[in-house]
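Numbering (our numbering), first residue to last: 19 to 243. From the three backbone atoms N, C-alpha and C, an ideal C-beta is built for every residue, glycine too. Read the structure below first, then the notes.
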Ligand SMILES: [Zn+2]
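Structure below.
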């Protein structure tokens with residue numbers, strides 16, 4: 019059914035598997051690896067067999083063989099059929115009463131491709147990779163200047179007891195740097211998405227409102243990218 023296919027892809031344009039699972043109370047980390055294992059919400063277990071594939075926007079339990087895309091997963095949680103899951107998300111995502119024209123369908127596809135692209139990029143977040151992004155420069159400069167300070171303080175630590183302290187601080191720096199860069203990167207991509215969404219479809223742009231970097235920049239005294 020064309021309408022259903024359109025409705026499903028429209029929902030997938032607005033809903034990723036992580037948000038979907040979190041909505042139903044599954045604890046799944048947003049950041050980090052593309053594939054994460056969680057405790058399965060559909061059967062009792064002590065170790066996680068429920069694999070969340072962020073890039074593919076799917077989840078699957080190797081224990082009870084349940085899962086699928088966001089619609090399949092929603093059907094399982096809601097104990098309803100596809101139409102029920104579509105209605106549920108249309109209402110929550112504010113997509114009701116918006117019949118999709120072919121023009122909008124094309125735009126939705128373009129958006130989906132871009133979203134998949136930025137999702138891949140943020141998942142594959144590698145420092146040397148995002149260094150290429152001009153918008154990340156101020157963050158990178160800041161983060162690495164902190165590391166230089168750290169290195170300077172422990173310059174003569176090699177082979178000495180201070181080495182342990184240095185490694186501990188380096189470890190702390192790594193997680194701090196990751197969170198700063200991930201935050202900056204996701205802000206930048208969500209802002210880019212918002213601009214694109216507004217250009218493509220002003221009425222649907224609200225769904226892409228980015229979360230501002232205010233807390234990040236206030237904490238760290240950084241300029242907004
Ligand atoms: Zn399971």
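Specify the secondary structure class of residue 85 as computed by DSSP and reduced to three states. If DSSP states are grouped into helix, strand and coil, residue 85 belongs with the strands.
Residue 209 by DSSP, collapsed to three states: which one? In the three-state reduction of the DSSP assignment, residue 209 falls in the helix class, which pools H, G and I.
Given that a residue counts as buried once 16 or more other Cβ atoms are within 10 Å of its Cβ, and exposed if not, what is residue 75? Here residue 75 is buried, its C-beta having at least 16 other C-beta atoms within 10 Å.
heavy atom of ligand 1 below 6 angstroms from residue 42 C-beta: No, Cβ of residue 42 sits at least 6 angstroms from all heavy atoms of ligand 1.
Apart from the five residues on each side of it in sequence, which residues of its chain come closer than 8 angstroms, Cβ to Cβ, to residue 104? Sequence-distant Cβ neighbours of residue 104 in its own chain, meaning closer than 8 angstroms and more than five residues away, are 22, 25, 26, 29 and 89.
Output needed for residue 68: all residues of its chain with C-beta closer than 6 angstroms, excluding positions within five of it in sequence on either side, in chain order. Short of 6 angstroms from the beta carbon of residue 68, and not among the five residues preceding or following it, lie these beta carbons of its own chain, in chain order: 56, 58 and 79.
N-terminal and C-terminal residue of the alpha helix (DSSP H) that residue 36 is part of: For residue 36, the enclosing alpha helix (DSSP H) stretches over residues 35-41.
In chain order, what residues of the same chain lie with their CB nearer than 7 angstroms to the CB of residue 168, ignoring the 5 residues before and after it? Counting only Cβ-Cβ distances below 7 angstroms, and skipping sequence neighbours, we find 187, 188 and 191.
Between which two residues does the alpha helix (DSSP H) carrying residue 110 extend? Run containing residue 110: 100-110, per the alpha helix (DSSP H) assignment.
State the beta-bridge partners of residue 77 as determined by DSSP. According to DSSP, residue 77 bridges with 70 and 86.
Beta strand (DSSP E) segment containing residue 55, residue limits: Residue 55 -> beta strand (DSSP E) spans 53-56.
Within 6 angstroms: the Cβ of residue 58 and any heavy atom of ligand 1? It does: the Cβ of residue 58 is within 6 angstroms (strictly closer) of some heavy atom of ligand 1.
CA-to-CA distance, residue 160 to residue 209, given in whole angstroms: It is roughly 21 angstroms from the alpha-carbon of residue 209 to the alpha-carbon of residue 160.
Taking the alpha-carbon of residue 109 as reference, which of 52, 33 and 39 has the nearest alpha-carbon? Comparing alpha carbon positions, the residue from 52, 33 and 39 closest to residue 109 is 33.
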